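Participant: For what it's worth, my numbering labels the leading residue of the sequence shown as 1, then goes sequentially.
Provided herewith is a single structure, encoded as structure tokens, for subsequent inquiry.
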Amino acid sequence: GAMPYYGNMLAAAGFEREMSGIRAAAGDAKAALAAVTDTMIDATLLVGPEEHVRERLKELTAPGVGWAIVFVNPVNEDRPSSVRRALRALRP
């Protein structure tokens, strides 16, 4: 794949089956996407409605994490607007 470091990291984190499917897709985006499970998404991303993201962020930081770094990756929205919306939605 184009980013073997991330693939190896995800495989080591318990997503060997998913990474095997993604690698076997060999550039076929639909096949690669089909190999991604909901479990993998939930374990690695904060996506969904604002309330879900806010609750999930609370869960992830509850064990005593002092800082959470959130990277906003907008879809069908310009980056400045998306970042402002995320800041409003996720502030404590």
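Just so it is clear, CB atoms sit at the ideal spot from N, CA and C, and this is done for glycine as well.
Only a predicted model underlies this, so the values are computations on that prediction, with no experimental measurement involved.
Taking the runs of the alpha helix (DSSP H) that are 4 residues or longer, which of them lie wholly in the stretch 19–89?
Facilitator: Segments of the alpha helix (DSSP H) lying fully in the stretch 19–89: 29–35, 38–44 and 50–61.
Participant: Over the uninterrupted alpha helix (DSSP H) stretch that includes Pro4, give me the two end residues.
Facilitator: Counting along the chain, the alpha helix (DSSP H) containing Pro4 begins and ends at Pro4 to Ala12.
Participant: Please state the DSSP three-state secondary structure of Arg91.
Facilitator: coil
Participant: Between the Cα of Ile69 and the Cα atoms of Lys58, Glu77, Lys30 and Asn76, which residue gives the shortest distance?
Facilitator: Closest option to Ile69, Cα to Cα, is Lys58.
Participant: Evaluate the contact criterion for the stretch 12–29 versus the stretch 46–54: three or more CB pairs, one atom per stretch, below 8 Å.
Facilitator: no
Participant: Report the option in Asn76, Asp38 and Lys30 whose CA atom is closest to the CA atom of Phe15.
Facilitator: Asp38
Participant: To the nearest whole angstrom, what separates the beta carbons of Ala32 and Ala25, a pair I think is in contact under 8 Å?
Facilitator: 4 Å
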